[in-house]
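Working notes, structure below.
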């Protein structure tokens, strides 16, 4: 199995995005999905989660950009029963989202693409997801909380990511497209990509902009970070092709120096087996 390195890391990375569209396609949907799924799964857990989040002093914005008198925001919130039910929390998280990104309410309403430091961008999303999961840990214990959170991720993928259904015909098709995406990535990603052999394709990530731009990474629990940052790739792999299975044992989010994505085509592979850590370390060392 041969490997080749693609991509180039970008110093002082900036993220180009549309704040309004990002809030619509991510923030509102993520809250709606997480709260809605947990409520459906267990009303008592949902009630306790909302109570604890409401009284929590974490992720409180210093400034209120929007409130219940902001008609356009309230119109969006009222489209969802779950968001309406928790409008105070939704407004709090939207205000924290804007504040952490370091943008103004005017920039939000302009609905145009802007550039902000990657640190601001990834903190704005990570803070909320980590808060929800860590609060579930306090309620259910770590193992049960992670299990439930992963279920919310599964539900999100199968509800909102259906456009990615069957986008790859096989592992070689995925490999070729990932090569193009990595070479053209605006995120400064550096990847070691293997050839496809025996129904297996490997993607080694030497960096991760999602977690490496977090100032407080050392303070965060690696298992929780995996759940909110990495786990989504497991259900996505199955969605991309019904024969794909992803194994992922080392991740930067958990404190490892690299991420080891191994995609298996179960229609071809003799067995689903993740190579040992030493295998990845040798591949990285050989391509320095």
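In my numbering, the protein residues as written are 810 to 1097.
Glycine is no exception: its CB is placed at the ideal position from the N, C-alpha and C atoms.
- Nearest Cα to residue 910 within the set 920, 921, 928: 928.
- Cβ contact annotation for residue 1054 (same chain, cutoff 6 Å, sequence separation greater than five): 1073, 1075, 1081, in chain order.
- Secondary structure in the segment 912 to 988: the alpha helix (DSSP H) runs of 4 residues or longer, each lying completely within the stretch, are 914 to 919, 927 to 949, 951 to 969 in chain order.
- When beta bridges are read from the DSSP output, residue 825 appears opposite 924.
- Assignment of beta strand (DSSP E) within the segment 982 to 1052, counting only whole runs of 3 or more residues, yields 1000 to 1003, 1009 to 1014 in chain order.
- As computed with DSSP, residue 1083 is found in no beta bridge at all.
- The Cβ atoms of residue 866 and residue 908 do not sit closer than 7 Å to each other.
- Within its own chain, the residues whose Cβ lies closer than 6 Å to the Cβ of residue 977, once the five positions on either side in sequence are excluded, are 983, 1049, 1050, listed in chain order.
- The C-alpha of residue 1086 lies about 46 Å from the C-alpha of residue 896.
- Relative to residue 1063, the option among 1078, 1030, 949 whose CA is nearest is 1030.
- When C-alpha distances from residue 922 are compared across 1026, 822, 827, the shortest belongs to 827.
- Residue range 1068 to 1074 is occupied by the beta strand (DSSP E) that includes residue 1074.
- Here the alpha carbon of residue 1041 sits roughly 12 Å from the alpha carbon of residue 1034.
- Proximity to residue 981 across 964, 1027, 1010 peaks at 1010, based on C-alpha coordinates.
- Per DSSP, reduced to three states, the secondary structure at residue 875 is coil, with no helix or strand assignment.
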